[in-house]
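Visitor: Residues in the sequence shown are numbered from 36 upward in steps of one, following my numbering. Ideal Cβ placement from N, Cα and C applies to all residues, glycine included.
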Amino acid sequence: MADKGTLIVFSGPSGAGKDTVLEEFFKRKPQGVWKSISNTTRAPRDGETDGIDYNFITVDDFFNVVDNNGMVEYTKYGLNYYGTPKAPVDEHLANGDTIILKIEVEGAGNIKKLYPDAVGVFIMPPSLEVLENRLRRRGSENDEDVQRRMNIARNELTFKDNYEYHIVNDELEQAVNDLCDIVKALQNNF
36 MADKGTLIVF SGPSGAGKDT VLEEFFKRKP QGVWKSISNT TRAPRDGETD GIDYNFITVD
96 DFFNVVDNNG MVEYTKYGLN YYGTPKAPVD EHLANGDTII LKIEVEGAGN IKKLYPDAVG
156 VFIMPPSLEV LENRLRRRGS ENDEDVQRRM NIARNELTFK DNYEYHIVND ELEQAVNDLC
216 DIVKALQNNF
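(1) Would you list the residues sitting across from N130 in a DSSP beta bridge?
(2) Is V218 buried or exposed, if buried means 16 or more other CB atoms sit within 10 Å of its CB?
(3) Look up E59 in the DSSP assignment and give the residues it is bridged to.
(4) Just to confirm, is the Cβ distance from G40 to G131 under 8 angstroms?
(5) From K121, N99, V101, pick the residue whose C-alpha is nearest to that of V107; which is it?
(6) In three-state DSSP terms, what is A37?
(7) Check whether the region 134 to 150 touches the region 63 to 73, counting contact only when three or more Cβ pairs, one atom from each stretch, lie closer than 8 angstroms.
(8) How would you write the range of the alpha helix (DSSP H) that I72 sits in, first residue to last?
(9) Considering only residues of the same chain and omitting the five flanking positions on each side of N168, which have a CB-CB separation below 6 angstroms?
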């Protein structure tokens, strides 16, 4: 599929800081750069807003979109479904924008098949111990959930070499600066 914009696939294990890095990145108001808003069947966490952080929808509504070919990709992560609505992605690319998709590693492989020019950015914690501490500090998961997410994270980290760029989120400001540098290198419009 030919497009004029740049598609960035932004992935990493749960707790690596994907949301925080993107939130700080977008506070800098980069021109022509958009964040894709994923659909999810999970409940919002404290501070999350429907339509800004995610589109929080029911399982039935989620699969209605899937059945109508309205998702670029979707996956089950833990106990919930996550997916990328297709229409906004294609619209931004057609407008020459840069769009950042925050998705899990399974979905990233599907994106690369549909959008071969997509560029992967993998964010990771400085260590698994730091990752586990971050997950526990959230307070939104019980011990069993944390251990399940840690097992998933160990697997996800094995996919990092499938991404063109890596960011270690040890210091938030540096991680955001690294993302800015990557976007500048790709688009030269930030």
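Guide: The structure says:
(1) Locating residue 130 in the sequence shown gives position 95, counting from the first residue. For N130, which the question treats as bridged, DSSP gives no partner whatsoever.
(2) Locating residue 218 in the sequence shown gives position 183, counting from the first residue. Around the CB of V218, 16 or more other CB atoms lie within 10 Å, so the residue is classed as buried.
(3) Within the sequence shown, the letter at position 24 stands for residue 59. None; E59 has no bridge partner.
(4) Within the sequence shown, the letter at position 5 stands for residue 40. Within the sequence shown, the letter at position 96 stands for residue 131. In contact: G40 and G131 (Cβ atoms closer than 8 angstroms).
(5) Working through the sequence shown from its first residue, we reach residue 107 at position 72. In terms of Cα proximity to V107, the closest of K121, N99, V101 is K121.
(6) In the sequence shown, the residue the question calls residue 37 occupies position 2. With a pLDDT of only 43 at A37, under the threshold of 50, the placement of this residue in the model should not be trusted, and no figure is reported.
(7) The way I'd put it, the region 134 to 150 does touch the region 63 to 73; three or more beta-carbon pairs between them come closer than 8 angstroms.
(8) The sequence position of residue 72 within the sequence shown is 37, counting from 1. Counted as a single uninterrupted DSSP element, the stretch harbouring I72 is not any alpha helix (DSSP H), since DSSP gives it neither H nor E.
(9) Looking up residue 168 in the sequence shown gives position 133. Spatial neighbours of N168 in its own chain (CB-CB distance under 6 angstroms, excluding positions within 5 residues in sequence) are not present.
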